[in-house]
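Numbering-wise (my numbering), the sequence shown opens with residue 473 and increments by one.
Even for Gly, the Cβ is constructed at its ideal location relative to N, Cα and C.
Just below is one structure, and these are the notes that go with it.
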Amino acid sequence: MIAVLAVASLAAYAQPRAVGVNLGAWSSFSYQHGFGESNMLDVAANVILPINSGVGVGGHVTYDWIDPFNAPVPWNNKGEWHWYMGVGGSGGFVFPTNNTNGWWYAGVAGHIGIEYDFWFPFQLSLDWRPSIGVGNDPIHNGGNVGFNIPGLWGGIQLGVRYKF
C-alpha cells in the first residue's frame, strides 16, 4: 500500500502544473495539472466582477485535450504554441449588492483556447469558457429557473500562469 502511494505521488509530482489568473469579465484563479503531454485538468475559481447589481463566486473544472486531432500550432520558435479544448462542469452564486435575491447557476462547461509556453516557466493564453445549463437569473429568467444565458458570456480571457 505504501509503495502504491509513493508511486502515485511521484507520478503526480512529475506532471507539469501551472498556477495563475485568467483576466476578463469572469476573472478567475487558475490551476492546471497535466497528464502527460496531451491532457490536462483545468480548475478555475471564478470571481464575477460587479455586474447588474451583483458580485459572484463560482468555478469551472474541465478536462482538456492539448493539440487535439494531432494538429499542433505550426509556428513554434523559442517557446511552444499549443491549442486545447475540453469539457467539464461549472457552477456558482451571485450575491446581490441591492435588496434583491441572489441567483445561482450550474451546467456543463466548455473550454477552448490557445497558449504560448515560454522557454522559462511562464505561460500566456487566450481562452473562452462557455457554460450551458440552468440558473435563476432575475434579469433574463425573472428569477425563475431557466437557461443560463449569462453563462455564454464568459468572453475571451487572458491567462497568465507560472509553470512548475
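Assigned exposure category for residue i - 16 Cβ within 10 Å defines buried
i           : result
residue 566 : buried
residue 634 : exposed
residue 574 : exposed
residue 593 : exposed
Own chain, CB closer than 6 angstroms to residue i, minus 5 neighbours either side, in chain order
i           : result
residue 527 : 567
residue 497 : 627
Closest by C-alpha distance to residue i, when choosing among the options
i           : options               : result
residue 570 : 610, 585, 543 and 559 : 610
residue 547 : 586, 615, 493 and 504 : 586
residue 561 : 601, 549 and 593      : 601
residue 564 : 549, 545, 543 and 604 : 604
Simplified DSSP assignment, three categories, for residue i
i           : result
residue 602 : coil
residue 616 : coil
residue 611 : coil
residue 547 : coil
residue 567 : strand
residue 622 : helix
Anticipated Cβ contact below 8 angstroms, residue i with residue j, distance rounded
i           : j           : result
residue 529 : residue 518 : 7 angstroms
Residues of its chain near residue i, where Cβ-Cβ distance is below 7 angstroms and the 5 sequence neighbours each way are ignored
i           : result
residue 552 : 589
Cβ neighbours of residue i in the same chain (closer than 8 angstroms, five flanking residues each side left out)
i           : result
residue 618 : 606, 607, 608, 609 and 612
residue 583 : 514, 532, 534, 536, 556, 557, 558, 559, 560, 599, 600 and 601
residue 511 : 535, 536, 537 and 538
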